[in-house]
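The sequence shown finishes on residue 444 if you use the numbering used here, and the numbering steps up by one all the way, no holes.
What follows is a set of notes on a single structure, which appears directly below.
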Amino acid sequence: MLFTIATATAVLSALQVANAQTFTACDPTKKTCPGDSGFGNGKPFVTDFTKVSGTDAPSGWTYADGTTMSYDNTNGANFAISTKTGAPTISTSQYIMFGNVSTYAKASPGTGIVSSFILESDDLDEIDWEWLGSNDGSVESNFFGKGNVTTYDRAIYHPITKAVTGWHTYNIEWTKDYVKWYVDDMVTPVRILAFDDPKTIKGTQFPQTPMKIKLGNWVGCADAAAASDPKTEGTCQWAGGPATFDSGASYSMYVKNISISDAGCGGTYTYTDQTGSYGSIKSSNEGDKCGSSSSPSSAAGSSAAGSSTASTASTASTASTVSSAAVELPTGLIAGTTSAAAPNSTTASVSTSSVPAGVSPPSGNATGTGSSGSGSGSKNGTSTGSGSTGAGATTSKAGGASSSSTSTPQITTNSASSHKYGSVELVVMALGLGVGYLVM
Numbered sequence: 005m006l007f008t009i010a011t012a013t014a015v016l017s018a019l020q021v022a023n024a025q026t027f028t029a030c031d032p033t034k035k036t037c038p039g040d041s042g043f044g045n046g047k048p049f050v051t052d053f054t055k056v057s058g059t060d061a062p063s064g065w066t067y068a069d070g071t072t073m074s075y076d077n078t079n080g081a082n083f084a085i086s087t088k089t090g091a092p093t094i095s096t097s098q099y100i101m102f103g104n105v106s107t108y109a110k111a112s113p114g115t116g117i118v119s120s121f122i123l124e125s126d127d128l129d130e131i132d133w134e135w136l137g138s139n140d141g142s143v144e145s146n147f148f149g150k151g152n153v154t155t156y157d158r159a160i161y162h163p164i165t166k167a168v169t170g171w172h173t174y175n176i177e178w179t180k181d182y183v184k185w186y187v188d189d190m191v192t193p194v195r196i197l198a199f200d201d202p203k204t205i206k207g208t209q210f211p212q213t214p215m216k217i218k219l220g221n222w223v224g225c226a227d228a229a230a231a232s233d234p235k236t237e238g239t240c241q242w243a244g245g246p247a248t249f250d251s252g253a254s255y256s257m258y259v260k261n262i263s264i265s266d267a268g269c270g271g272t273y274t275y276t277d278q279t280g281s282y283g284s285i286k287s288s289n290e291g292d293k294c295g296s297s298s299s300p301s302s303a304a305g306s307s308a309a310g311s312s313t314a315s316t317a318s319t320a321s322t323a324s325t326v327s328s329a330a331v332e333l334p335t336g337l338i339a340g341t342t343s344a345a346a347p348n349s350t351t352a353s354v355s356t357s358s359v360p361a362g363v364s365p366p367s368g369n370a371t372g373t374g375s376s377g378s379g380s381g382s383k384n385g386t387s388t389g390s391g392s393t394g395a396g397a398t399t400s401k402a403g404g405a406s407s408s409s410t411s412t413p414q415i416t417t418n419s420a421s422s423h424k425y426g427s428v429e430l431v432v433m434a435l436g437l438g439v440g441y442l443v444m
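See the structure below:
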């Protein structure tokens, strides 16, 4: 297919942004890499973005290339997109080795726009919350292991009132035994992923290595040309159609605050072999040093008193539960929950519901090669799989989550559709923050 100069320029610009956000500088499952600085299991690292001034990254955070941010005392961090190549993204400077992360955010409305809150490791383990700007009725949870995009059946859509037009608290509780996703002040998670869930392939695809936290906003469908191109039409259908940037249109995701609790011992997290298993991760802090950290204080000056429970062994990954003492947190944040035992995958009911109205799983047969970065971070190949299905039922005590016929956490089922992505489509999708945006 022929492209105009403008389209070619946009694609090249998108590729530059993608390289800054979706690659891993060094994959520890392929070669020896530097260790990851950990927060440590002392008091939570809390950033109140409503107290940040200026445009520079707050202490403890870094900007992806091309990112421009603004902050105010009403909405906090503003992830604004005003061009088809916009993808403002911030990530923590340090890592957690299991733990609890809670943020109070308002996703960006707008057809073709995708907002994201993810945890991602150097070997591309990933845990996601993501929102389609064209769908105000649901939020999506997802996960990936070791960058594996050979299947596309991990996502679940959870019904929620004002998913992109209202403020909500989103929480991820991550241990060696399970991942739980929570919305607002719900006691019951909207989703539980057990280590031995069938979709983790006996745990090999379960996220289990040190992770950074990333927040961002990106363009899932750049324009009408992308929507009509066989290589990108599937992505555009998933994103709800092309974004519009006429008359100075801008799309903003807002984040007021975030609380991060590391369950590991902190110090430096090191991969001792290339298995990418939690048992191979060691912390430089052991014994009396466990939990001590050089974590930077938040630029917002909003640290919270409290602690997370974790093992004091030198192996950073032995913590199986996460708890938070009573802490004073900014508006919207919730303390981490405690679970004494990991759920068996059979305790979660299977969702056979279709994707929510207005969301179309990608379809098509485009093939090609995509690049996820430079150096050791590049990844080439073609993959196939099924589109995302399922609507996770939720039960809300208060706030915006809508109730459904069951309060049981959900897992997904396979669907029959398949889709392959070409290089141009990968460029468009790679405007996102992680592996998840290559598999929708």
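C-beta: ideal position from N, C-alpha, C; glycine also.
Quick one, which of Phe43, Lys34, Tyr174, Pro32 has its alpha-carbon nearest Thr272's?
On the sequence shown, position 268 is the one that residue 272 refers to. If we check each option's Cα against that of Thr272, Phe43 comes out closest.
List the whole-angstrom C-beta distance separating Ser63 from Tyr99, where the pair is believed to meet the contact cut-off of C-beta under 8 Å.
Numbered from 1 along the sequence shown, position 59 holds the residue referred to as residue 63. Numbered from 1 along the sequence shown, position 95 holds the residue referred to as residue 99. Wrong, their Cβ atoms sit about 16 Å apart, outside the cutoff.
Just to confirm my understanding: we take Ile262, look at its own chain, exclude 5 residues before and 5 after, and list those with CB closer than 6 Å. What are they?
As a first step, residue 262 is located in the sequence shown; it is residue number 258 there, counting from the start. Closer than 6 Å at Cβ, skipping near neighbours: Thr51, Thr107.
So, does the region 68-86 touch the region 139-159, judging by three or more C-beta pairs under 8 Å?
no
Count Cβ pairs between the region 117-131 and the region 215-222 that sit closer than 8 Å; are there 3 or more?
yes
Please classify Val191: is it buried, with 16 or more other beta-carbons within 10 angstroms of its beta-carbon, or exposed?
In the sequence shown, the residue the question calls residue 191 occupies position 187. By the neighbour-count rule (16 or more Cβ atoms within 10 Å), Val191 is not buried but exposed.
Between the Cα of Tyr255 and the Cα atoms of Tyr275, Gly280, Leu136, which residue gives the shortest distance?
Taking the first residue of the sequence shown as position 1, residue 255 is located at position 251. Ranking the options by Cα distance to Tyr255, first place goes to Leu136.
Given that a residue counts as buried once 16 or more other Cβ atoms are within 10 Å of its Cβ, and exposed if not, what is Gly58?
The residue you call residue 58 lines up with position 54 of the sequence shown. Per the 10 Å Cβ criterion, exposed.
Tell me, please, whether the CB atom of Ala61 is closer than 8 Å to any CB atom in chain D?
This model lacks chain D altogether, as it is built from one protein chain only.
State the start and end residues of the unbroken alpha helix (DSSP H) segment that holds Thr239.
Numbered from its first residue, the sequence shown carries residue 239 at position 235. First-last of the alpha helix (DSSP H) with Thr239: 237-243.
Please state whether DSSP places Thr54 in a helix, a strand or coil.
Mapped onto the sequence shown, residue 54 falls at position 50. Residue state, collapsed to three classes: helix.
Whole angstroms are fine: how far does the CA of Gly170 sit from the CA of Tyr258?
Translated into positions along the sequence shown, residue 258 becomes position 254. Translated into positions along the sequence shown, residue 170 becomes position 166. Going from the Cα of Tyr258 to the Cα of Gly170 covers about 10 Å.
Length of the line joining the Cα atoms of Ser407 and Phe83
The count along the sequence shown starts at 1 and reaches residue 407 at position 403. The count along the sequence shown starts at 1 and reaches residue 83 at position 79. With a pLDDT of only 36 at Ser407, under the threshold of 50, the placement of this residue in the model should not be trusted, and no figure is reported.
Tell me whether Pro193 is buried or exposed, calling it buried when 16 or more other Cβ atoms sit within 10 Å of its Cβ.
In the sequence shown, counting from the first residue as 1, residue 193 sits at position 189. Counting Cβ neighbours within 10 Å, Pro193 comes out buried, since at least 16 surround it.
Three-state class that DSSP yields for Pro163 in the structure shown:
Sequence index remark: in the sequence shown, residue 163 carries index 159 (1-based). Correct three-state label for Pro163: strand.
On the DSSP bridge assignment, give the partners of Phe147 in chain order.
One-based indexing of the sequence shown puts residue 147 at position 143. Phe147 pairs with Ile131.
In terms of residues, what are the limits of the alpha helix (DSSP H) holding Ser263?
Translated into positions along the sequence shown, residue 263 becomes position 259. Here Ser263 belongs to no alpha helix (DSSP H); instead the beta strand (DSSP E) covers 255-266.
Secondary structure of Gly70, DSSP reduced to three states:
Counting from one through the sequence shown, the residue named residue 70 turns up at place 66. Coil at Gly70, not helix or strand.
Integer Cβ distance of Trp185 from Trp242, believed to fall under 8 Å:
The residue given as residue 185 occupies position 181 in the sequence shown. The residue given as residue 242 occupies position 238 in the sequence shown. Incorrect: roughly 20 Å between the Cβ atoms, too far for contact.
Are the CB atoms of Trp65 and Thr28 within a distance shorter than 8 Å?
For this step, residue 28 is matched to residue 24 along the sequence shown. For this step, residue 65 is matched to residue 61 along the sequence shown. Result no, Cβ atoms of Thr28 and Trp65 do not sit closer than 8 Å.
In the DSSP output, which residue or residues are listed as bridge partners for Tyr99?
For the purposes of this step, residue 99 is identified with residue 95 of the sequence shown, where counting begins at 1. DSSP output for Tyr99 lists Gly42 as bridge partner(s).
Taking the straight line between their C-alpha atoms, what separation do you get for Ile131 and Asp250?
Translated into positions along the sequence shown, residue 131 becomes position 127. Translated into positions along the sequence shown, residue 250 becomes position 246. So the alpha carbons of these two residues sit roughly 34 Å apart.
From Cys269, Ser125, Phe102, Ala91, pick the residue whose C-alpha is nearest to that of Cys30; which is it?
Taking the first residue of the sequence shown as 1, we reach residue 30 at position 26. Ranking the options by Cα distance to Cys30, first place goes to Ser125.
Would you say the beta carbon of Ile122 comes nearer than 7 Å to a heavy atom of the ligand GDP?
Ligands in the displayed structure: none, and consequently the ligand GDP is not present.
Whole-angstrom distance between Ala230 and Phe53, CA atom to CA atom
As a first step, residue 53 must be located in the sequence shown, where it is residue number 49. As a first step, residue 230 must be located in the sequence shown, where it is residue number 226. Cα to Cα, Phe53 sits roughly 35 Å from Ala230.
Taking its Cβ as the centre, do 16 or more other Cβ atoms sit within 10 Å of Gly252, making it buried, or is it exposed?
Position 248 of the sequence shown, counted from the first residue, corresponds to residue 252. Label assigned to Gly252: exposed.
Count the other C-beta atoms from every protein chain shown that fall within 10 angstroms of the C-beta of Asp277, then say buried if there are 16 or more, exposed otherwise.
Residue mapping note: residue 277 aligns to position 273 of the sequence shown, counting from 1. Under this definition Asp277 is an exposed residue.
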